[in-house]
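Under my numbering, residues 1 to 332 are what the sequence shown spells out, in order. All residues carry an ideal CB built from backbone N, CA and C; glycine is no exception. Inspection log for the structure reproduced underneath, given as structure tokens.
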Amino acid sequence: MAHNTLSNRFHQNIIMHPKDAGKRIDVVINEQFEQFSRAQIQKWLKEGSITVNGRATKPKHIVLGDEEVEINIELLPTNEWIAEDINLKIIFEDDDIIVIDKPVNMIVHPGAGNPTGTVSNALLYRYKDQDKLPRAGIVHRLDKDTSGLMVAAKSSIAYHNLVQQLAERKVSRKYLAIVEGEIYQQGTINQPIGRDSTNRTKMAINYRGKEAITHYTPIEVYDGFTLIECQLETGRTHQIRVHMKSIKHPLVGDQTYNKSSTKLEKLAITTPTRQALHAYKLSFIHPTTAKMVKFKSKLPEDMLNLKAQLEQTVEMLDEDFEEDYYDYYEYD
Numbered sequence: 001m002a003h004n005t006l007s008n009r010f011h012q013n014i015i016m017h018p019k020d021a022g023k024r025i026d027v028v029i030n031e032q033f034e035q036f037s038r039a040q041i042q043k044w045l046k047e048g049s050i051t052v053n054g055r056a057t058k059p060k061h062i063v064l065g066d067e068e069v070e071i072n073i074e075l076l077p078t079n080e081w082i083a084e085d086i087n088l089k090i091i092f093e094d095d096d097i098i099v100i101d102k103p104v105n106m107i108v109h110p111g112a113g114n115p116t117g118t119v120s121n122a123l124l125y126r127y128k129d130q131d132k133l134p135r136a137g138i139v140h141r142l143d144k145d146t147s148g149l150m151v152a153a154k155s156s157i158a159y160h161n162l163v164q165q166l167a168e169r170k171v172s173r174k175y176l177a178i179v180e181g182e183i184y185q186q187g188t189i190n191q192p193i194g195r196d197s198t199n200r201t202k203m204a205i206n207y208r209g210k211e212a213i214t215h216y217t218p219i220e221v222y223d224g225f226t227l228i229e230c231q232l233e234t235g236r237t238h239q240i241r242v243h244m245k246s247i248k249h250p251l252v253g254d255q256t257y258n259k260s261s262t263k264l265e266k267l268a269i270t271t272p273t274r275q276a277l278h279a280y281k282l283s284f285i286h287p288t289t290a291k292m293v294k295f296k297s298k299l300p301e302d303m304l305n306l307k308a309q310l311e312q313t314v315e316m317l318d319e320d321f322e323e324d325y326y327d328y329y330e331y332d
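Below is the structure:
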């Protein structure tokens with residue numbers, strides 16, 4: 001449940017799940033609210049801004065299951081970020097939400113070395129009240145070189161509602177990816193993800209990391225490659241990229257996890273300079289109407305071109321998938 005008396009206040013109550021028993025409380029809260037760093041959560045626990053069963057507790061508290069956790073924190077507005085007149089492809093908007101089709105080579109939030117040119121900068125320019133919301137209203141992220149659908153809030157009520165839906169895994173996010181190797185059966189990867197111990201800029205399967213679950217289904221199989229649909233249950237950094245590499249099906253063009261591959265070149269196809277990954281379907285419960293809303297984005301040109309070239313080596317095509325290939329949104 002979320003309470004929203006001030007636009008920069010975040011107040012939610014959650015119940016610890018028995019499956020989290022044995023984990024540290026700061027780890028479990030961080031798994032549910034990824035927009036906050038673990039260091040921030042530890043600070044709020046120490047300050048008493050996060051309580052367990054009504055009492056202040058230490059970050060190292062071990063969860064038993066069924067505890068009630070209350071989060072009541074003051075969030076800094078984002079008015080230190082620069083508002084910039086940057087074009088955004090808006091799929092849908094109303095008084096509460098904005099659904100964006102993010103292009104390749106665009107970062108979501110400003111950071112060290114990238115203070116401008118981001119989705120957040122664009123939202124702050126386009127909507128005058130976005131600076132009153134945490135992180136310019138953005139509730140989830142896409143990697144710089146991943147294209148596709150994102151939702152941002154335009155009101156405090158919408159922001160807290162969407163954050164809660166993400167924490168409760170009620171937001172459906174589906175991606176299209178082109179991977180190396182031929183996949184003929186659907187599957188699920190349930191492997192925790194954390195920082196790579198040898199390279200802190202990369203993520204890896206890490207049994208001290210966060211729970212991460214990815215479902216994948218083959219759509220089209222080519223000669224040595226497959227177009228797959230991935231559905232996320234969790235939203236860890238680089239999740240699809242790390243998970244698919246872990247089962248020996250890395251994403252085509254991934255400059256971090258598959259940079260040295262020459263498999264496409266053997267088919268006389270130029271390897272793309274970004275991971276072949278597109279967030280193509282997004283659905284959730286509208287924060288104010290309580291109706292299910294669904295959005296879809298077609299593949300961008302670079303992935304369409306790659307797909308067309310690979311189809312010349314085709315093993316299996318899904319004709320129904322092709323017929324249903326266009327941008328849309330709908331209300332249930």
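C-alpha gap between Asn114 and Met106, whole angstroms | If you take the alpha carbons of Asn114 and Met106, they lie about 10 Å apart.
Assigned secondary structure, Gln12 (DSSP; H/G/I helix, E/B strand, else coil) = DSSP places Gln12 in strand when its eight states are reduced to three.
Across which residues does DSSP place Ser261 in a beta bridge pair?
-> In DSSP, Ser261 forms no bridge with anything.
8 Å Cβ cutoff met for Gln335 and His243 = Any property of residue 335 remains undetermined from this structure, which presents the chain solely from 1 to 332.
Closest by C-alpha distance to Gly111, when choosing among Glu34, Ile82, Phe10 and Lys128 | Looking at Glu34, Ile82, Phe10 and Lys128, the one whose alpha-carbon comes closest to that of Gly111 is Ile82.
Please determine if the stretch 87–98 and the stretch 57–66 are in contact, where contact requires at least 3 C-beta pairs separated by less than 8 Å.
-> No: fewer than three Cβ pairs fall under 8 Å.
Buried or exposed for Ser260, please, with buried defined as at least 16 other CB atoms from any protein chain shown within 10 angstroms of its CB.
-> Here Ser260 is exposed. Its C-beta has fewer than 16 other C-beta atoms within 10 Å.
Are Ile97 and Ala153 close, meaning C-beta to C-beta below 8 Å?
-> Cβ distance < 8 Å, so Ile97 and Ala153 count as in contact.
Counting only the same chain and skipping the five closest in sequence on each side, list residues whose C-beta sits under 7 Å from that of Gly137.
-> The beta carbon of Gly137 is closer than 7 Å to those of Leu123, Gln130, Ala152, Ala153, Lys154 and Tyr159 in its chain, skipping five residues each way along the sequence.
Ignoring anything shorter than 4 residues or poking outside the stretch 126–207, list the alpha helix (DSSP H) runs there in chain order.
-> Runs found: 156–167.
Roughly how many angstroms lie between the CA atoms of Leu277 and Val63, to the nearest whole one?
-> So the two alpha carbons sit approximately 36 Å from each other.
Sorted by chain position, which residues of the same chain lie with C-beta nearer than 7 Å to Arg169's C-beta, five sequence neighbours on each side aside?
-> Contacts found: Glu233.
Using only alpha-carbon positions, find the residue among Lys144, Arg141, Gly117 and Leu162 that is nearest to Pro287.
-> With distances taken between Cα atoms, Pro287 lies closest to Leu162.
Assign Gln164 to one of two classes, buried (16 or more other C-beta atoms within 10 Å of its C-beta) or exposed (fewer than that).
-> It counts as buried.
Would you identify the three-state DSSP class for Leu299, choosing helix, strand or coil?
-> If DSSP states are grouped into helix, strand and coil, Leu299 belongs with coil.
Over the uninterrupted alpha helix (DSSP H) stretch that includes Val104, give me the two end residues.
-> Counting along the chain, Val104 falls outside any alpha helix (DSSP H), and DSSP gives it neither H nor E.
Taking the alpha-carbon positions, what's the Leu299 to Leu306 distance?
-> Leu299 and Leu306 have their C-alpha atoms spaced approximately 11 Å apart.
Please check the pair Phe295 and Phe92, which I expect to be a contact at CB under 8 Å, by giving their CB distance rounded to whole angstroms.
-> Yes, they are in contact, since the Cβ atoms of Phe295 and Phe92 sit about 6 Å apart, within 8 Å.
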